[in-house]
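**Student:** I'd like to ask you about the structure that follows.
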Amino acid sequence: AGVLTIGRREDSTTFDPIKTAQNIDNWVFSNVYDVLIRVDKTGTKLEPGLAESWTVSDDGLTYTFKIRDAKFSDGSPLTAGDAAYSLLRIRDDETSLWSDSYKVVDTAVATDDRTLTVKLKNLSVPFLSTLALPNASVISKKGMEEIGSDAYGEKPIASGAFVVDEWRRGDRIILKKNPYFWQADRVKLDGVEWISVPDDNTRMLNVQAGQLDAAIFVPFSRVEELKKDPNLTVTIDASTREDHLLINHAHGALAKKEVRQALDMAIDKKAIVDAVTFGQGTLANSYVPKGALYYYADNMQRSYDPEKAKEMLAAAGASGLTLNYLIRAGDEVDEQTAVLVQQQLQKAGIIANLQKVDPSQEWDMTVAGDYDISVNYWTNDILDPDQKTTFVLGHDSNNNYLTNYKNEKVKELVAAARLEIDPKKREQMYVDLQKMAKDDVNWIDLYYSPYINVSRKHIENFYQNPLGRFFLEDTVKN
Amino acid sequence: MSVQAIEPSPFSWRRFFGKRLALAIGGGILLFFLLLAIGAPLIAPYDPILQNADVRLQSPCLLHPFGTDNFGRDILSRVIWGTRIDLQIAVIGVLFPFLIGTAVGTIAGFFGGAVDALFMRLVDIILAFPFLVLMLSIIAILGPGLGSFYIAMALVGWVSYARLIRAQMLTLKNADYAIAAVSLGFSRFRIMFRHLLPNAVAGSIVFSMSDATLVLLSGAAVSYLGLGVQPPLAEWGVMVAEGQSFITTAWWITLFPGLSIVCLAFGFSMLGDGLAELLGVHE
Amino acid sequence: MHRYKFVLTRPLQFLPVIFGISVITFILVRLIPGDPARVILGARATPTALANVRAQYGLDQPLWLQYFYFLKNLANGEMGRSILYKIDVLQLILTRIEPTTALVISSVILSVAIAIPVAAIASRNSGRAPDHAVRIISTFGIGFPPFWLGLMLIILFSVQLGVFPVSGYGSSIGDKLAHLVLPSLTIALSLSTVLTRSLRAAMVEALKSDVATAARARGMPESIVFWRHVVPNSLVPTINLLAVNVGWLIGGTVVLESIFALPGMGQLLVRAIFSRDYMVVQGVAMVFACATVLVNFIADIVTVAADPRVKL
Amino acid sequence: MSAPVLSVRDLTIRGHLDTGTRTLIDAVSLDLGKDEILGLVGESGSGKSLFCRSLVRLLPSSLLRIEGGSVLLEGRDLTKVSDAEMLAVRGSEIGMIFQNPTSHLDPVMRIGDQIAEGIRYHHGLNARGARAAATEILSQVGFPDPARQYDSYPHEFSGGMRQRAMIGVALSCNPKILIADEPTTALDVTIQAQILKLLMEIRDKRGLSIILITHDLGIVAQTCDRIAVLRGGKLLEEGPKRAILSKPQHPYTTNLINSHPSMPDSAPVEVIKASGVTKPLLEVDDLNVCFKVGGSLFKGSGKSVSAVSGVSLRVMPGETVGIVGESGSGKSTLARAVLGLAPISSGHVTFDGIDIAQQKASGLAKLRHETAMVFQDPYNALNPRLTIGSMLGEVLKVHGKIAAADIPARIGELLDLVGLEREFANRKPRSMSGGQCQRAGIARALAVDPKLIIADECVVALDVTIQAQIIDLFRELKEKMKLTLIFIAHDLAIVRNLCERVVVMYQGEIVEEGSSEEVFARPKHAYTAALIAAIPDIDPDKPLLRAGMRHDEPQSTPLQPAKCMP
Ligand SMILES: Nc1ncnc2c1ncn2[C@@H]1O[C@H](COP(=O)(O)OP(=O)(O)OP(=O)(O)O)[C@@H](O)[C@H]1O
Ligand SMILES: Nc1ncnc2c1ncn2[C@@H]1O[C@H](COP(=O)(O)OP(=O)(O)OP(=O)(O)O)[C@@H](O)[C@H]1O
Ligand SMILES: [Mg+2]
Ligand SMILES: [Mg+2]
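Protein chains in written order, with the working numbering: chain B, 1 to 478; chain L, 1001 to 1283; chain X, 2001 to 2312; chain R, 3001 to 3566.
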């Protein structure tokens, strides 16, 4: 019982699932909306959501879902028609930011009230995973048509554990328990308030002073101190976040594999884990996050060796390399990493000129290829590694995550892995991809970091799965 | 005219400094910082950007009197080197607005009429223009760093000086000696800049001292938003802003640069007070 | 009341100011490198998605046309649609006006409430210990970075003593007031020092003035001399100073809104600038501009009311 | 003399200043009898104000202290009584009227309330009663509509009315003694006469004793019973008015009496008949000057003030013309318009044959080269940041009439000419006295080597003795350098001493013009007659105010709705 108050950095922007691509929105959606298929607590398995069960045709092109007997928060029944509508909407609506990811859907039809049949245009193994994306949540067709997307984005009619009671823009979202939720008896809280407290210090102090039950985004530097407080629990949940150093392969000497390898060796990731994450992170050895599907734990990790790096650079004719290091302003961790990396590179004879610009400009410059190296991070949206692999190695429209990385063999393998139905073979393909990426140094993997949240002692079961979903239906406030 | 005996009075420090006390304190503080800035390479015990993983987050001790930050950099050295940047911020951040504002105010006040109306509308616009939008936009356009900051300060800051000088000019241009100058056939340029401006500028000089504090604080605010000087440069505002994460665990990271800002601001204020008394300016 | 005639004519002069600000903001925000479409799409952006977003918000139109639409909207009392929040900008701003306004007003009240008695004590003891103390404290007080001061106040009053809420805004009036105490105090600690200095100087001057001498010469005790003659005569120059500072404050609350998690316009503005939410930046800038103009207007009215000699 | 109501014994005031300790009032002893008006005269800085303020223990600064002597009021020594007792003395026993009513009246408080304030405090009346009492006082001091004027603010009144209000405030608690510190210095002669008359009436009505401070012996002669002369903080002499005026003991007093401008000068101004010269140097023809007041960018027509309307005037070379008239009558505006310093609305100014309006550039250049102006306020007319030498040097350089090498020598000559030591070249105005500054101002005018000098009230701010010196200097220069002089004053006596021709202005127009002798002997215009009558003569037997007294003052700021050209 009780209302859980959670402090976070920023307020949501909308509740219309197809109109946002930001975690701040998705993390609230997942407890307001429900999806056909969910990702489990460990972040490694799909489990039934609004779809009780499903079958896949032998050619892998036709999916048939049996829709559960559930209700929307306004009490109206949730049908296969709503599910079909939602899927087509995210594919077709012009305001959808996700249409590309669902272009693979050919038709989605409600064969009857409880049966949804989806036909794909072509084979796609990750398809089921994409249905777990919060943005593909099931919305009420009737509701949307009645009140329109603006009102829906403000106060949605949904079928999740909680409903939006009030949204005080910029301040808080007040959720209350949804009595129509099909698992309503699982929900122990009366409600949840997501409160935006932008300043990290203030957010922590709020929990320390007992004015918030919990806060997310605990800065690395505060973990040890908060752990000491007997009133608090610091929860460290595995995440899919991976921080990496982007390298612009199109710039001069960076096109050479040996130079990139030297760069990899010149960076002491351990020092970064120590100084920047205060030991909370773990060394990254693959672009696939640790613990995620098909993660290759034995992937190679180049050891820190500035001298060797220097030699390699000399051999590659790239001594006295000068790099333009782009930093996102306002991101403390980024800035700290940059300061460290700069000094490390110096030991290998590489001069890194730090260039700090405001976040959206940083993004612009990265896209324009106007950088040499820059730190970035990625968190998975879906369970399947295909999405990230395609973006990072698959040579699609974004120049391999803006690195201009080129390797035809990798490209082919990415496409093939998407179509491989046999999980064993598929896993092997992803292991190969991880090895090849490491060898090529498409970018430099730095570290994996967990989700760190803090809560008062009387809060139980407050945790996230690696994709970021909070399981507030399980959270207890004593 | 009146003939009165003046008896010499015994020496007293109070009388010696008299009204100059504020001036002396303010000047002393600024001189101290100036020397720090000039002598930074000699005085600072460590390289301000040198990281040392062994002494991270060291509280003040003999080796590091002000402690170290999360990279093991020596705070004292960073504070000393920061003096260079912060003095520069205060001086340049005030100098350009001062020059621009003085020129505009002189011309607007002296010529009046359409020129004045035009400039004053501009002043109205800038006064009503949200400073932050301008500051953040300029920084976003030109990139964070001191250059953008100075430009933004100059674009906004001149207004105060222009208003001060203009108001002075409006009264001074009707002063008898200004009219006398006209009647003597002096050129407008000569009257404006040789006769009126020197008499009009005292208030602005005094104001510039408190303005320097405002500029320092604006710089700190910009640092808080993460748009301060480029790392790893040591600048007080940035140091305070970055040290915020350690405020409950490593107070020394923020305290010393914070105190330096306060002290420098105090120096400017005192100097301003002293100048006000010396130049006979009333706030 | 012919002296108040400017109340009717003055608003006309606001129009060019507001218009000028609209043009400058419009140009300025668009000069900023960066693309709102990319910001909201993030790393997963695909070219079609980008084009879609740009088309939806008319960002693919030529600039002058965009400005034309902006003005057209404005004439209809609309400010366009937020790219980030996907709602009407005016509606968005309306939800954010109250905390900022409340913060500014409470800070001003608090600052004045501090400044007047402190300046009174200092000026009536001019040249003696209390005066020196006030001068030194107020000179020091000006130099504290507000974000640092704010945090210190939170640690002291909320975490250690637990008397005021740490942050946020609250819902009932009493609750809101409690939430406003610390942020306004942070502002007041620096604003009141500025006011105190000016007031003190004016009061010291007024205490020595002929007006005060004349009042003393007719046998008025010092308290009447001070409160009925010195204070009213010292307020006028400070009104102007206050107005200028409130003007600064209106656009400058962002840092404190952020520290104290007040859901105001400053935060909205910063987030909008960082995400290139053009319409919101423009909208907020306009609101800030109007507020500043309004504050100056009010200051003029107060000045006229406080000093019968002033004609505007 | 009846038993004194107030007697001062050996009063000594010292100032403990940064520069050392100075004795500012040096053992002064004085008595003030009942119903008596005691005139306290002395030059600026002699300690008159200080003396009076010390009587009510309101010294201007804590650095100045009463360090000896006593002030006895009905047996109590005011230098010893408690502060609380002193509050009761101030206002209800001793009332004060100050020199400058504008700065002493609270600008943000209604006139009536300022009077009522004291009544409420001292007599404990309620608001209504105090208002009635204050209204009564307002009518006593000559406010025509006291009930309405009670609610007016000081700035809504003219200087004369403000001084009346000030007197009202001083009378509010019915004091026995009134101290009036130069109550009329800031006022026009006609108004000065009214205020003095009012003071005497009040004295008669209420049986007050008055200490009247002034530096004008004429005023003393006209109003006081006894005279005390103060100089450098010392009482030089004291005695009944007639005794002092006819047989001054101290040479300083003699000097003071002799330099009073109302003394008919020994050498009458000789009229230089325009022999042969027929062309006037300066010709002003139907000149109008209007000022826009109010109005702004957005409302087109504000009101216009016609400061000078339809003035025609000719000045022959070598002539000395005086322009007189009360404050606001347009004297300065006329002077400025003539010199091209104020915009001309219509009419013509011809200088040495060139119409300035028509040949603007060359006309102005010629004007600037051949005319110069001397200003009223000696301090404000000099740039405070320039030394006298550099100021003169600049003028010489800009005009280029003499070679650069000769400039230092010429500066020396100029200083000699105006009677300043040569070392003054290195001084700044702040370190000079008013008279010295005024000489420097004259030197500056002479540096131009002008044909015409316009002196705008250039002696008003100075002490009588220094006034006399400056007038002598002008007379001397006029003869030496064949100058044409236009001398503006509101003090007729000075003009009569210096000028051969006089022009009387009233509300922007010339109401009378003629030779000095003629105008003074037989004023044709009533206004001129009133002006002359209002001059306090140093001879106590030529009583003040023969002319009829008006209680209401002439409207001195004619606000005429756009009578002049747009
Ligand atoms: N506040 C003060 N501090 C120091 N000296 C002062 C102060 N006020 C007056 N004095 C000195 O006291 C002396 C007498 O001044 P006081 O004002 O009494 O002259 P006064 O005769 O009234 O002159 P005036 O005719 O100009 O009013 C002057 O020498 C003046 O410099
Ligand atoms: N710049 C101006 N703007 C508006 N009105 C003005 C201006 N200058 C003078 N006046 C008005 O013109 C009239 C004449 O003023 P002027 O200064 O010529 O009088 P004056 O005879 O020299 O008076 P005083 O003896 O006080 O110097 C006055 O009513 C004055 O208010
Ligand atoms: Mg005096
Ligand atoms: Mg005049």
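Ideal Cβ placement from N, Cα and C applies to all residues, glycine included.
Does DSSP put D3083 (chain R) in a helix, a strand or coil?
**Tutor:** Helix, per DSSP.
**Student:** Pull out every residue of the stretch 319 to 342 of chain B whose Cβ sits closer than 9 Å to any Cβ of chain L, in chain order.
**Tutor:** Result list: I327, R328, A329, G330, D331, E332, E335, Q336, A338, V339, L340, Q342.
**Student:** Counting along the chain, where does the beta strand (DSSP E) carrying M300 (chain B) start and finish?
**Tutor:** That residue, M300 (chain B), is in no beta strand (DSSP E); it is neither H nor E in DSSP.
**Student:** Looking only at C-alpha atoms, which of X:M2203, X:P2237, X:N2240 sits nearest to W2227 (chain X)?
**Tutor:** Minimum Cα distance to W2227 (chain X) is reached at X:M2203.
**Student:** Where V109 (chain B) and L120 (chain B) are concerned, what is the direct C-alpha to C-alpha distance, given to the nearest angstrom?
**Tutor:** Approximately 12 Å between the Cα atoms of the pair.
**Student:** What's the C-alpha gap between D3216 (chain R) and P3183 (chain R)?
**Tutor:** Cα-Cα distance, rounded: 11 Å.
**Student:** Would DSSP call Q527 (chain B) helix, strand or coil?
**Tutor:** No answer is possible for residue 527 (chain B): the residues shown for chain B start at 1 and end at 478.
**Student:** Return yes when at least one heavy atom of ligand 3 lies under 7 Å from the C-beta of K3048 (chain R), else no.
**Tutor:** Yes, since a heavy atom of ligand 3 falls inside the 7 Å radius drawn around the Cβ of K3048 (chain R).
**Student:** Would the C-beta of E2992 (chain R) count as close to ligand 3, meaning under 7 Å from any of its heavy atoms?
**Tutor:** No information on residue 2992 (chain R) is available, as it lies outside the stretch 3001 to 3566 that chain R covers here.
**Student:** With a threshold of 8 Å between beta carbons, is P198 (chain B) in contact with chain X?
**Tutor:** Output row for P198 (chain B): interface = yes.
**Student:** Taking just the CA atoms, how far does E3413 (chain R) sit from V3284 (chain R)?
**Tutor:** When rounded, the distance between both Cα atoms is 34 Å.
**Student:** What residues in the stretch 1209 to 1227 of chain L bring their beta carbon closer than 8 Å to a beta carbon of chain X?
**Tutor:** Hits within the stretch, in order: S1210, T1213, L1216, L1217, A1220, A1221, Y1224, L1225.
**Student:** Taking C-alpha atoms, which residue in B:G369, B:S196, B:V392, B:D364 lies nearest to Y377 (chain B)?
**Tutor:** That would be B:V392, whose Cα lies nearest to the Cα of Y377 (chain B).
**Student:** Is there a C-beta anywhere in chain R that falls below 8 Å from the one on F1119 (chain L)?
**Tutor:** Chain R contact via Cβ: absent.
**Student:** Identify the contact partners of S1077 (chain L) in chain B, using a Cβ-Cβ distance below 8 Å as the criterion.
**Tutor:** Those within 8 Å of S1077 (chain L) in chain B number zero; the least Cβ separation is about 15 Å.
**Student:** Which bits of chain L does F3351 (chain R) rub up against, with CB to CB less than 9 Å?
**Tutor:** Per Cβ cutoff of 9 Å: no residues; F3351 (chain R) is ~13 Å from chain L at best.
**Student:** Within 10 angstroms of its Cβ, does S2052 (chain X) collect 16 or more other Cβ (buried), or is it exposed?
**Tutor:** Before going further, note that residue 2052 (chain X) is Asn rather than Ser in the sequence given. Classification for N2052 (chain X): buried.
**Student:** Roughly how many angstroms lie between the CA atoms of M144 (chain B) and T13 (chain B), to the nearest whole one?
**Tutor:** Answer to the nearest angstrom: the Cα atoms are 18 Å apart.
**Student:** Determine whether the beta carbon atoms of A83 (chain B) and R68 (chain B) lie at a separation below 8 Å.
**Tutor:** Contact flag unset, no.
**Student:** Quick one: list the residues of chain R neighbouring I2105 (chain X), beta-carbon separation under 7 Å, in chain order.
**Tutor:** Those do not exist, as I2105 (chain X) stays about 25 Å from chain R at its closest Cβ, beyond 7 Å.
**Student:** List, in chain order, every chain R residue whose beta-carbon is nearer than 7 Å to that of V1182 (chain L).
**Tutor:** The contacting residues are L3341.
**Student:** Please decide whether S221 (chain B) counts as near chain L, where near means a Cβ-Cβ distance under 8 Å.
**Tutor:** By this cut-off, S221 (chain B) is an interface position.
**Student:** Ligand 1 and P3183 (chain R): does the residue's C-beta get closer than 7 Å to at least one heavy atom of that ligand?
**Tutor:** No.
**Student:** For a quick check, are the C-beta atoms of V1222 (chain L) and L1146 (chain L) less than 8 Å apart?
**Tutor:** No. Outside cutoff.
**Student:** Run down chain X in chain order and give the residues with a C-beta less than 9 Å from the C-beta of E94 (chain B).
**Tutor:** Chain X residues near E94 (chain B): N2052, A2055, Q2056.
**Student:** Looking at the structure shown, is P1097 (chain L) part of a helix, part of a strand, or coil, going by DSSP?
**Tutor:** Residue state, collapsed to three classes: helix.
**Student:** F470 (chain B) to P1232 (chain L), Cα distance in whole Å?
**Tutor:** If you take the alpha carbons of F470 (chain B) and P1232 (chain L), they lie about 37 Å apart.
**Student:** Just to confirm my understanding: we take C3338 (chain R), look at its own chain, exclude 5 residues before and 5 after, and list those with CB closer than 6 Å. What are they?
**Tutor:** According to the sequence as given, residue 3338 (chain R) is Val; it is not Cys. Taken in chain order, the residues that qualify are V3349.
**Student:** Secondary structure at H2002 (chain X), three-state DSSP: helix, strand or coil?
**Tutor:** H2002 (chain X): helix per DSSP, three-state reduction.
**Student:** Give me the Cα-Cα distance between A2243 (chain X) and L2195 (chain X), rounded to the nearest whole angstrom.
**Tutor:** Each residue's alpha carbon lies about 11 Å from the other.
**Student:** Helix, strand or coil for C3290 (chain R), going by three-state DSSP, please let me know.
**Tutor:** Three-state DSSP puts C3290 (chain R) in a strand.
**Student:** From what residue to what residue does the beta strand (DSSP E) around A2212 (chain X) run?
**Tutor:** Segment 2210 to 2217 is the alpha helix (DSSP H) holding A2212 (chain X); no beta strand (DSSP E) there.
**Student:** Does N26 (chain B) pass the burial test, meaning 16 or more other C-beta atoms within 10 Å, or should it be called exposed?
**Tutor:** N26 (chain B) comes out buried.
**Student:** Under 7 Å Cβ to Cβ from K310 (chain B), same chain only, skipping five residues before and after it: list those, please.
**Tutor:** Correct list, in chain order: A348, G349.
**Student:** Using a cut-off of 8 Å between C-beta atoms, extract the partners of M3432 (chain R) located in chain L.
**Tutor:** Going along chain L, no residue has its Cβ under 8 Å from M3432 (chain R), so there is no contact; the nearest lies around 11 Å.
**Student:** Are the stretch 2163 to 2183 of chain X and the stretch 2014 to 2022 of chain X in contact at 8 Å, needing three or more beta carbon pairs?
**Tutor:** Short answer: they don't touch.
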